[in-house]
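Residue numbers (this note's numbering), protein chains in the order written: chain A, 9 to 387; chain B, 185 to 355; chain C, 8 to 193.
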Amino acid sequence: MDYDPVCQIDRDPDDLVTINIGPTHPAMHGTLRVIAKTDGETIVSAEPEIGYLHRGVEKLGENFTYHQFIPLTDRMNYCSAIASNVAYEMAVEKLMGIKVPPKAQLVRTIMMELARIADHQVLVGILGVDLGALTPFFYLIIQREEIYDIFEWYNGARLTNTFGRIGGVNADLPDKFHEKWPTLRDTIRKANEETDALLTKNRIWLDRSVGVNAFSAEDALNWGFTGPCLRACGVKRDLRRDEPYMFYDQFDFKIPVGKHGDVFDRYMIRMEEMEESVKIIDQAYAMYQEMPEDAPLMAKVPKIIKPPEGECYHAIETPNGELGFWIRSDGSDKPYRIKIRPPCYMVYQAFGELVKGDMISDTIACLSSLNIIAGELDR
Amino acid sequence: MGFQAYQGEGWLLTKAEQLINWGRSRSPWPFPYGTACCGIELMAALASSYDMARFGAERVGFSPRQCDVLIEAGTITKKMVPVLKTIYAQMAEPKWVIAVGACACTGGVFRTYSTQQGIGSIIPVDVFVPGCPPRPEGILYALLKLLDKIQEDHPLYKKRQEVAEALEAGK
Amino acid sequence: MSLKERVQRCLGDDVIAITEYRGDLGIEVPKGNIVSVLTRLKEDETLGFDFLTDLFGVDNLDYYAKKKKKPKKKAAGEEELVEEEEDKGPPPPRFEVVYLLQALKTNERLQVKIRVPEDDMEVDTITTIWKAADWPEREAFDMFGFKFRGHHNLRRLLMWDEFEDHPLRKDYPLEGKGEERHLSYD
Ligand code: SF4
């Protein structure tokens, strides 16, 4: 066989080519890396390698006090930091048995759903960019900037928000929010409609996404999928409905479910979830407005947080799926052990299975549609 | 600028170094190397609302071999250090580096066993941008600072010195 | 029937200890039986814990040391961990592996724990039951040094391959021991 000495490629005995995609690669996100064995353009086996963003968050958590850990949770899922903050705060509140006042819960709900919208917008935009559709990204990013404006009014940071405190939230919704929300709601819907018009019935888009990496529901459950990726496979599971926390059992919202678990389903689920989030915010905001002006925002929490000895696990539904914290306290002011259960960790370990038999170019579509956030993946 | 234009036949008179600097500073090709949260802000700086392309950084390259400015946004872990070194080595001269974010400058909040405490000790950095994450305006400002720096550079003089040193060492 | 009773009926003698804290039920089972215990929990009709949420290790080195110093300073009403204080025998094994299970039909959760002594770090793999245990087991190996018997690819996951220590152990310093990674391309 002709052998090109300039481009040396390891050849397997059965003539497979090993290709290394990442950790920095034009089409790869952040710090992910996949080592793929290909036969021509088809992937025979792929093995993701992670750890390029392992920053030792769990070990740091053992050396930080309970409040100091909140900023670290921002830096895990940096596309929707607020959801991670709330997940952690709720876990500590469960550990201490604190009941959060209703108004604070509503503020949390509103901000969390806004974060969910922002997260999904980034995902859809990036998915478009990776599949060659650059325009939706520009529409969505402008929209996302407006959501970031709200976060910024709230506490000055755009994406690492350090939202809330253990036992409640530190501030009420910003005044400007009340003027902004009615228009923002319409513009979010409009941006979604535009994206929808650009993508959903686009021939090229359909060719690239329908039927790509289809995954069955049993496999998905076996691999520990949660969140939109699981729902795309046809399993109706959402912690907001199944283990309701805060006021989610009183809200009226649909849980979109896909059928085939392919890239298109994952995309559609996200588009629909944005719509549902807008509805949830509307309902939460209506409830919020009925609350008295001076309703408390913080529960009674001791100055130094020292939960009694014990351990518990609490999980909520973040934009990516089930994000859980398992905390063991030894009675001191620092957690003895914090274990984070990141949603995309479980999803990404099935990546080799997902892309087997697909083309190389489809791996990129698959990767973007899974929404792998390296900070959360490696912690 | 050090240009002097004479009316009439269309002559331009300048120093060669200034011409080179002018050319270089008008189109820096950035290599957006976003590894963590700061990468998201870098993305915002490149996208519609902030639009880094206004300052000549229009062509975002995703291959280090075709880029001039390495914008390192995000944490570099010890596992990543060899990769970063390789990337820097792959970039063609002249090359500049912007370190975006507390993590890239000093390691930030992550003073742990697996995090590199600042990339300054691995590769030469031209502009440090503090903040966790810095705002997109901060990143744009860093780019402008870098362009200023490029304009005050002395490429030919430096080249001559380098050659002289190499000759000296070769003897 | 409450979850506790159902679990006890299903597992019988395999339950060494039961703890309940803030509504989270945790059981401790013998280390050797973990595969059979999890299979039974998964296949039992009244339980149906068919989803593995997570799996991780815990290092209890400091925990026991702290306890010995101030044994009686504890708020009343926390019934968990009482068993451990009572027996004054040799110190309990250093490590723990915790499995978090979830029943999708009934939305119940259960923690299953095994204790692993420092001189015998071998644990049976459960990738045969759930594929989801693949990476968590590798991570537990990476961070604590458990050897999962039967795991098909037990390599380091987060740290690089040449790394020698196990960083989440309590005797490993937070800022590390100055390890650095070098790659040679030759
Ligand atoms: S400086 Fe802050 S925002 Fe930037 S990568 Fe580090 S932790 Fe993330």
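No residue lacks a Cβ here, since even glycine has one placed at the ideal position from N, Cα and C.
### Task
State yes or no: is the beta carbon of B/Ser298 nearer than 8 angstroms to at least one beta carbon in chain C?
For the purposes of this step, residue 298 of chain B is taken as the residue at position 114 of the second sequence. With 8 angstroms as the cut-off, B/Ser298 counts as an interface residue toward chain C.
### Query
For the candidate residues A/Thr195, A/Leu24, A/Met299 and A/Cys352, whose alpha-carbon lies nearest to that of A/Ala44?
One-based indexing of the first sequence puts residue 44 of chain A at position 36. Looking at A/Thr195, A/Leu24, A/Met299 and A/Cys352, the one whose alpha-carbon comes closest to that of A/Ala44 is A/Leu24.
### Query
When burial is assigned at 16 or more other CB atoms within 10 Å of the CB, is B/Met264 buried or exposed?
For the purposes of this step, residue 264 of chain B is identified with residue 80 of the second sequence, where counting begins at 1. Under this definition B/Met264 is a buried residue.
### Query
Which residues of chain A have a Cβ atom closer than 7 angstroms to the Cβ of B/Val313, listed in chain order?
Within the second sequence, the letter at position 129 stands for residue 313 of chain B. Going along chain A, no residue has its Cβ under 7 angstroms from B/Val313, so there is no contact; the nearest lies around 15 angstroms.
### Task
Give the interface partners of B/Cys316 over in chain A, defined as CB-CB distance under 7 angstroms, in chain order.
In the second sequence, residue 316 of chain B corresponds to position 132, counting from 1. Chain A residues near B/Cys316: Thr168.
### Query
Would you say C/Ala83 faces chain A, with C-beta separation under 8 angstroms as the test?
For the purposes of this step, residue 83 of chain C is taken as the residue at position 76 of the third sequence. Low confidence applies here, because C/Ala83 scores a pLDDT of 49, under 50, leaving its location unreliable; read the following figure in that light. It does not: the Cβ of C/Ala83 has no partner Cβ on chain A nearer than 8 angstroms.
#### Entry: Rounded straight-line distance, which links the Cα of A/Leu142 to that of C/Val14
Here the question's residue 14 of chain C lines up with position 7 in the third sequence. Here the question's residue 142 of chain A lines up with position 134 in the first sequence. So the alpha carbons of these two residues sit roughly 54 angstroms apart.
### Query
Can you tell which of A/Asp82, A/Glu66 and A/Gly69 has its C-alpha closest to the C-alpha of B/Cys222?
Mapped onto the second sequence, residue 222 of chain B falls at position 38. For B/Cys222, the nearest C-alpha among the options comes from A/Asp82.
### Message
I believe B/Leu268 touches B/Ile260 by the beta-carbon criterion, under 8 angstroms. Please report the beta-carbon distance rounded to the nearest angstrom.
### Response
Taking the first residue of the second sequence as 1, we reach residue 268 of chain B at position 84. Taking the first residue of the second sequence as 1, we reach residue 260 of chain B at position 76. Contact flag correct, Cβ pair sits at about 6 angstroms.
### Message
Cutting at 8 angstroms between CB atoms, please list the residues of its own chain near C/Val22, excluding the five before and the five after it.
### Response
To locate residue 22 of chain C, count along the third sequence from 1; it is residue 15. For C/Val22, where only same-chain residues beyond five positions count, the Cβ hits under 8 angstroms are Val14, Gln15, Ile34, Glu35 and Val36.
### Query
Distance, Cα to Cα, C/Ala110 vs B/Arg319?
Along the third sequence, read from residue 1 onward, the residue named residue 110 of chain C stands at position 103. Along the second sequence, read from residue 1 onward, the residue named residue 319 of chain B stands at position 135. Each residue's Cα considered, the two are about 44 angstroms apart.
### Task
Counting only the same chain and skipping the five closest in sequence on each side, list residues whose C-beta sits under 7 angstroms from that of A/Arg278.
As a working note, residue 278 of chain A is residue 270 in the first sequence. Closer than 7 angstroms at Cβ, skipping near neighbours: His128, Leu131, Val132 and Pro236.
### Message
Could you check whether A/Gly219 and A/Asp157 sit closer than 8 angstroms to each other, using their CB atoms as the reference points?
### Response
Working through the first sequence from its first residue, we reach residue 157 of chain A at position 149. Working through the first sequence from its first residue, we reach residue 219 of chain A at position 211. Not a contact, by the Cβ cut-off of 8 angstroms.
### Query
Considering only C-alpha positions, which residue in the set A/Asp180, A/Thr50, A/Glu361 and A/Asn28 is nearest to A/Gln113?
On the first sequence, position 105 is the one that residue 113 of chain A refers to. Residue A/Asp180 holds the alpha-carbon nearest to the alpha-carbon of A/Gln113 among A/Asp180, A/Thr50, A/Glu361 and A/Asn28.
### Query
Which whole-angstrom value is the C-beta distance of A/Met98 and A/His322, which I expect to be below 8 angstroms?
Along the first sequence, one-based indexing puts residue 98 of chain A at 90. Along the first sequence, one-based indexing puts residue 322 of chain A at 314. At roughly 6 angstroms, the Cβ-Cβ gap stays under 8 angstroms, so A/Met98 and A/His322 are in contact.
#### Entry: Sequence-distant residues of the same chain with beta carbon closer than 8 angstroms to C/Ile133, five excluded per side
Numbered from its first residue, the third sequence carries residue 133 of chain C at position 126. So the list reads Ile41, Val42, Leu45, Leu59, Leu62, Tyr106, Ala140 and Glu144, once near-sequence residues are dropped.
#### Entry: Residue nearest to A/Lys347 in terms of C-alpha spacing, selected from A/Gly64, A/Val52, A/Pro56 and A/Glu55
On the first sequence, position 339 is the one that residue 347 of chain A refers to. Out of A/Gly64, A/Val52, A/Pro56 and A/Glu55, A/Gly64 has the C-alpha closest to the C-alpha of A/Lys347.
### Task
To the nearest angstrom, report how far apart C/Trp142 and A/Ile372 are at their CA atoms.
For the purposes of this step, residue 142 of chain C is taken as residue 135 along the third sequence, with counting starting at 1. For the purposes of this step, residue 372 of chain A is taken as residue 364 along the first sequence, with counting starting at 1. So the alpha carbons of these two residues sit roughly 22 angstroms apart.
### Of the residues A/Asp183, A/Val363, A/Arg387 and A/Tyr147, the one placed nearest A/Cys352, counting alpha carbons only
The residue given as residue 352 of chain A occupies position 344 in the first sequence. Sorting A/Asp183, A/Val363, A/Arg387 and A/Tyr147 by C-alpha distance to the C-alpha of A/Cys352 places A/Arg387 at the top.
### Query
Is A/Phe261 near A/Ala292, with beta carbons less than 8 angstroms apart?
Taking the first residue of the first sequence as position 1, residue 261 of chain A is located at position 253. Taking the first residue of the first sequence as position 1, residue 292 of chain A is located at position 284. No. Outside cutoff.
### Task
May I have the straight-line CA-CA distance separating A/Gly329 from B/Glu336, to the nearest angstrom?
Translated into the one-based positions of the first sequence, residue 329 of chain A becomes position 321. Translated into the one-based positions of the second sequence, residue 336 of chain B becomes position 152. So the alpha carbons of these two residues sit roughly 51 angstroms apart.
### Task
Taking only the alpha-carbon atoms, compute the straight-line gap between B/Pro278 and B/Pro212 and give it to the nearest angstrom.
Along the second sequence, one-based indexing puts residue 278 of chain B at 94. Along the second sequence, one-based indexing puts residue 212 of chain B at 28. Rounded to whole angstroms, the separation of the alpha carbons of B/Pro212 and B/Pro278 is 10 angstroms.
### Task
Would you tell me roughly how many angstroms separate the C-alpha atoms of C/Leu181 and A/Leu68, rounded to the nearest one?
One-based indexing of the third sequence puts residue 181 of chain C at position 174. One-based indexing of the first sequence puts residue 68 of chain A at position 60. Taking the straight line from one Cα to the other gives about 7 angstroms.
#### Entry: A/Thr208 CB to nearest heavy atom of the ligand SF4 below 7 angstroms
In the first sequence, residue 208 of chain A corresponds to position 200, counting from 1. Incorrect: A/Thr208 has no Cβ contact closer than 7 angstroms to the ligand SF4.
### Query
So, using beta-carbon positions, are B/Gly291 and B/Gly302 closer together than 8 angstroms?
Residue mapping note: residue 291 of chain B aligns to position 107 of the second sequence, counting from 1. Residue mapping note: residue 302 of chain B aligns to position 118 of the second sequence, counting from 1. Between B/Gly291 and B/Gly302, the C-beta spacing is below 8 angstroms.
### Task
State the start and end residues of the unbroken beta strand (DSSP E) segment that holds C/Leu108.
Position 101 of the third sequence holds residue 108 of chain C. First-last of the beta strand (DSSP E) with C/Leu108: Phe102 to Ala110.
### Task
Note the first and the last residue of the continuous alpha helix (DSSP H) segment covering A/Leu103.
By one-based count along the first sequence, residue 103 of chain A stands at place 95. From DSSP, the alpha helix (DSSP H) with A/Leu103 extends over Ala89 to Met104.
### Query
When Cβ atoms are compared, which residues of the region 195–226 of chain B fall closer than 8 angstroms to chain A?
Tyr217, Gly218, Thr219, Ala220, Cys221, Gly223, Ile224 and Glu225
### Task
Determine the closest residue to A/Glu104 out of A/Val355, A/Gly383 and A/Asp338, with distance taken between C-alpha atoms.
Taking the first sequence and counting its residues from 1, one reaches residue 104 of chain A at position 96. Going by the sequence as given, residue 104 of chain A is Met instead of Glu. The shortest C-alpha separation from A/Met104 is found at A/Asp338.
### Query
Is C/His173 close to chain B, meaning its C-beta is less than 8 angstroms from at least one C-beta of that chain?
As a first step, residue 173 of chain C is located in the third sequence; it is residue number 166 there, counting from the start. Taking Cβ atoms only, chain B never reaches closer than 8 angstroms to C/His173, which makes this a no.
### Task
Examine the Cβ distances between the region 231–247 of chain A and the region 304–315 of chain A and report whether three or more of them are shorter than 8 angstroms.
no
### Query
Apart from the five residues on each side of it in sequence, which residues of its chain come closer than 8 angstroms, Cβ to Cβ, to A/Thr195?
Within the first sequence, the letter at position 187 stands for residue 195 of chain A. Cβ within range, chain order: Gln151 and Glu154.
### Query
Which residues, taken in chain order from the region 247–281 of chain B, show a beta carbon closer than 7 angstroms to some beta carbon of chain C?
Those residues of the region 247–281 of chain B that come within reach of chain C (Cβ to Cβ, closer than 7 angstroms) are Lys262, Lys263, Val265 and Pro266.
### A/Ala205 classed as buried or exposed, judged by whether at least 16 other C-beta atoms fall within 10 angstroms
Mapped onto the first sequence, residue 205 of chain A falls at position 197. It counts as exposed.
### Query
Would the C-beta of B/Ala356 count as close to the ligand SF4, meaning under 7 angstroms from any of its heavy atoms?
Any question about residue 356 of chain B goes unanswered here, given that chain B covers just 185 to 355.
### Message
Below 7 angstroms, is the gap between the Cβ of A/Arg166 and the nearest heavy atom of the ligand SF4?
### Response
If you number the first sequence from 1, residue 166 of chain A lands on position 158. No - the ligand SF4 has no heavy atom lying nearer than 7 angstroms to the Cβ of A/Arg166.
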